[in-house]
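Visitor:
Residue numbers (this note's numbering), protein chains in the order written: chain A, 1 to 114; chain B, 1001 to 1547.
1. Three-state secondary structure (DSSP) at residue 1382/B?
2. Taking 8 Å as the threshold (beta carbon to beta carbon), is residue 119/A in contact with chain B?
3. In chain order, what residues of the segment 1123-1149 of chain B put their CB closer than 7 Å to some CB of chain A?
4. Ends of the beta strand (DSSP E) at residue 1269/B?
5. Which one of 1225/B, 1208/B, 1021/B and 1522/B has the shortest CA to CA distance from residue 1243/B?
6. Take the Cβ of residue 1403/B as the centre, count every other Cβ of all protein chains shown within 10 Å, and call the residue buried at 16 or more, exposed below.
7. Pull out every residue of the segment 1081-1093 of chain B whose Cβ sits closer than 8 Å to any Cβ of chain A, in chain order.
8. Return the chain-ordered list of same chain residues with a C-beta closer than 7 Å to the C-beta of residue 57/A, the five sequence neighbours on each side being excluded.
9. Is it buried or exposed, residue 1167/B, if we count other Cβ atoms within 10 angstroms and call 16 or more buried?
10. Does residue 88/A have its Cβ less than 8 Å from a Cβ in chain B?
11. Give me the chain B residues within the contact set of residue 64/A, using Cβ-Cβ distance strictly less than 8 Å, ordered along the chain.
12. For the segment 1224-1232 of chain B against the segment 1504-1511 of chain B, do three or more pairs of beta-carbon atoms, one drawn from each stretch, fall closer than 8 Å, so that the two count as touching?
13. Checking contacts by CB at 8 Å: is residue 1077/B closer than that to chain A?
14. In the segment 1292-1317 of chain B, which residues sit with their C-beta less than 9 Å from some C-beta in chain A, listed in chain order?
15. Who pairs with residue 26/A in a beta bridge, going by DSSP?
16. Could you check whether the Cβ of residue 1540/B sits closer than 8 Å to any Cβ belonging to chain A?
17. How would you call residue 1034/B, buried or exposed, if buried means at least 16 neighbouring beta carbons within 10 angstroms?
18. Got a sec: is the Cβ-Cβ distance from residue 1062/B to anything in chain A below 8 Å?
19. For the beta strand (DSSP E) containing residue 1531/B, name the first residue and the last one.
20. Kindly say whether residue 119/A, judged by its beta-carbon, lies nearer than 8 Å to any beta-carbon of chain B.
21. I want to see whether chain A comes within less than 8 Å of residue 1116/B, judged by CB atoms only; does it?
22. Any contact between the segment 86-105 of chain A and the segment 1117-1134 of chain B? By contact I mean 3 or more CB pairs, one from each, below 8 Å.
23. Indicate whether at least one CB of chain A lies closer than 8 Å to the CB of residue 1119/B.
24. Candidates 1441/B, 1377/B, 1367/B and 1355/B: which alpha carbon is nearest residue 1396/B's?
25. In its own chain, which residues sit with a C-beta less than 8 Å from the C-beta of residue 1400/B, not counting the 5 before and 5 after it?
26. Within 10 angstroms of the Cβ of residue 1340/B, are there 16 or more other Cβ atoms? Answer buried if so, exposed if not.
27. Tell me the DSSP bridge mates of residue 1027/B?
28. Could you have a look at residue 101/A and say whether DSSP puts it in helix, strand or coil?
29. So who's on the other strand from residue 1481/B, going by DSSP bridges?
30. Residue 21/A and residue 95/A - do their beta-carbons sit closer together than 8 Å?
31. For a test of the three-state rule: what should DSSP assign to residue 1256/B, helix, strand or coil?
32. Counting only beta-carbon atoms, is residue 80/A nearer than 8 Å to chain D?
33. Using alpha carbons as the reference points, say which of 1343/B, 1377/B and 1493/B lies closest to residue 1420/B.
34. Can you give me the Cβ contacts of residue 1380/B inside the same chain, cut-off strictly under 6 Å, excluding the 5 residues immediately before and after it?
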């Protein structure tokens, strides 16, 4: 199967000098990262200036967490660990918020587009 | 020269949501498929990019408006996903790139979306595969805008004729008095479910039509007829039937919440068939003696439902709570035949009604069946739940499911999760089974007359020209039902009938005549079935023996 995770995120993560924040959370959502949670992840990520990535391991490969198409195409199953990485001024806030969202099983926030 | 209205045309179809509708005919042509190339002049790269941008904006605005209006969380999730995809540069950028390379907007958009659709279409997971159809729907919405063919507005009382109607189009209409007739379509498509739950009359399988000149139509989803350009007589008939239906409803209402008793005072159990949990909200549990059939293949259509034990458990719990303390019979997934589930059923079977469906399909997807059996066993700890297996042909199929059920119950107990081994019964719908029910060690039998009739008469349920062969009151059908009832009674095993026959007042004397005393009917039919039971006298007919 082709790896949907290949993305520009990899080069950029190792390349430039700005601080990188990485953290993870356990995905317990039944059925995995479906449309509803995928929309929540990408919409939350888009609120930040930083570049934000999502991966299935600490070493990546990473995908752009701001793209709902990329997030859902990851087809992340339930009961795995999701890794978030960000680079930029508000990187910590982005990663903390996403970890909190996954850890709380997406209970907060809306699926509405805006 | 004034245009004469065309002659009246009658088209048979399969009712999938009952009711009678009359209104202007709206024929939705398959414009989208034809707008791929050459439908519009190529306007230069900049104009094409602008065309795509405005089509995306217009589509997003439509979807937002739909989302604000729908009260259905499943529909809202589909729409939110579609909007999110339209807003994602990962999806749109390749289309704009292709346009700057001088591709027409429609072709560029189609190619970009088809790449996304493939991503989901090829997924192993059922849920992700099902998203492919949501993406096709949104692809086509944008294509319509590019073609300048902004969706034809559908008035509330329209009789819509189309090859297929995507859920988002259905939700755009403020239905009031209108109806739907699909050229192909399946009774179990998402739009059919929406139509039933909103009370919009709908038929499928009307075949290709020539809409030329027709302005008005009657959709008779009681008798399965679409009438184009109805004449004065047809219009008068409809008006009379609408009045008669209103007064019959009033008369039947007297029977609705009372126990069903024949004219000679013999009690008959009347249960209901459930295909949509929302039906229960508007229904008084006093109207029935329990639920005789829950069609789980129609309930479990949401995100990842087939894999979600907890969600299934909660669904079954809700149904039990509604019926409490009356019994609830839940049928395991009966997919296949005319009820495909993308990624679960076998694609492109030559003869799906004789193919891998019902329990045959469950046994090749043991993981999905196991999730359902576990959820059912957990729910059985809460109240009188029974499990029914569809399309059983040989006894070993029943025994196979029983072993899986016992293993599921044992596993729950070993983990300290409350669970119980419920009664396990079978549908009697395959003639091989009907002829040999003494060989099946089932806790109960439920006759599925719809499939039994098509198999006994070797005539497909969805072949309209064969409707005459499928008379439920013909001797072959009644004799077989009679034999099943006699054998079940002799073995003291409960037997009921849950097909459409039970909801048809004309069939009630024959069914009671062959000895049935438990019927499971459509919720809307409870009043009229009880009224028919109240008219029944034993001497009046004895369908089985007379046949």
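Beta carbons are placed, not taken as given, at the ideal position from N, Cα and C, and that holds for glycine.
Guide: To lay it out plainly:
1. The count along the second chain starts at 1 and reaches residue 1382/B at position 382. Coil at residue 1382/B, not helix or strand.
2. The structure shown does not extend to residue 119/A, since chain A spans only 1 to 114, so no value can be given for it.
3. 1123, 1125, 1127, 1128 and 1131
4. Numbered from 1 along the second chain, position 269 holds the residue referred to as residue 1269/B. Element bounds for residue 1269/B: 1267-1274.
5. The residue labelled residue 1243/B in the question sits at position 243 within the second chain. For the residues 1225/B, 1208/B, 1021/B and 1522/B, the minimum Cα distance to residue 1243/B belongs to 1021/B.
6. Looking up residue 1403/B in the second chain gives position 403. Label assigned to residue 1403/B: exposed.
7. 1081, 1083, 1084, 1085, 1087, 1088, 1089, 1090 and 1091
8. Residue mapping note: residue 57/A aligns to position 57 of the first chain, counting from 1. Hits under 7 Å: 83.
9. For this step, residue 1167/B is matched to residue 167 along the second chain. Residue 1167/B comes out buried.
10. Taking the first residue of the first chain as position 1, residue 88/A is located at position 88. Not an interface residue.
11. Position 64 of the first chain holds residue 64/A. Near residue 64/A (Cβ distances below 8 Å), the residues of chain B are 1090.
12. no
13. Here residue 1077/B is taken as the residue at index 77 of the second chain, counted from 1. Closer than 8 Å: yes.
14. 1303, 1304, 1305, 1307, 1308, 1309, 1310 and 1311
15. Taking the first residue of the first chain as 1, we reach residue 26/A at position 26. The partner list for residue 26/A (beta bridge, DSSP) reads 81/A.
16. Position 540 of the second chain, counted from the first residue, corresponds to residue 1540/B. For residue 1540/B, the predicted model reports a pLDDT of 49, less than 50, meaning its position is unreliable and no value from the coordinates is stated.
17. In the second chain, counting from the first residue as 1, residue 1034/B sits at position 34. Residue confidence is low: residue 1034/B scores 42 on pLDDT, short of 50, so the model does not pin down where it sits. Its coordinate-derived value is still stated next. Residue 1034/B comes out exposed.
18. By 1-based counting over the second chain, the position of residue 1062/B is 62. For residue 1062/B, the answer is no, since every Cβ of chain A falls outside 8 Å of its Cβ.
19. Against the second chain, residue 1531/B aligns to sequence position 531. Run containing residue 1531/B: none in the beta strand (DSSP E); it sits in the alpha helix (DSSP H), 1526-1535.
20. Outside the displayed range of chain A (1 to 114) lies residue 119/A, so it cannot be described from this structure.
21. Taking the first residue of the second chain as position 1, residue 1116/B is located at position 116. It does: the Cβ of residue 1116/B has a partner Cβ on chain A nearer than 8 Å.
22. no
23. Working through the second chain from its first residue, we reach residue 1119/B at position 119. Taking Cβ atoms only, chain A reaches closer than 8 Å to residue 1119/B, which makes this a yes.
24. Mapped onto the second chain, residue 1396/B falls at position 396. Nearest option by C-alpha distance: 1441/B.
25. Position 400 of the second chain, counted from the start, is the residue given in the question as residue 1400/B. Closer than 8 Å at Cβ, skipping near neighbours: 1363.
26. The residue you call residue 1340/B lines up with position 340 of the second chain. Burial call: buried.
27. As a working note, residue 1027/B is residue 27 in the second chain. In the DSSP output, where bridge partners are listed per residue, residue 1027/B has 1161/B.
28. The residue you call residue 101/A lines up with position 101 of the first chain. Note: residue 101/A maps to helix in three-state DSSP.
29. Working through the second chain from its first residue, we reach residue 1481/B at position 481. DSSP output for residue 1481/B lists no bridge partner at all.
30. Taking the first residue of the first chain as position 1, residue 95/A is located at position 95. Taking the first residue of the first chain as position 1, residue 21/A is located at position 21. Yes, the Cβ-Cβ distance between residue 95/A and residue 21/A is below 8 Å.
31. Your numbering for residue 1256/B matches position 256 in the second chain. Looking at residue 1256/B - three-state DSSP - the assignment turns out to be helix.
32. Absence of chain D from the displayed structure is noted, the protein chains being A and B.
33. Residue numbering aside, residue 1420/B sits at position 420 when the second chain is read from its first letter. Ranking 1343/B, 1377/B and 1493/B by Cα distance to residue 1420/B puts 1377/B first.
34. In the second chain, residue 1380/B corresponds to position 380, counting from 1. So the list reads 1420 and 1422, once near-sequence residues are dropped.
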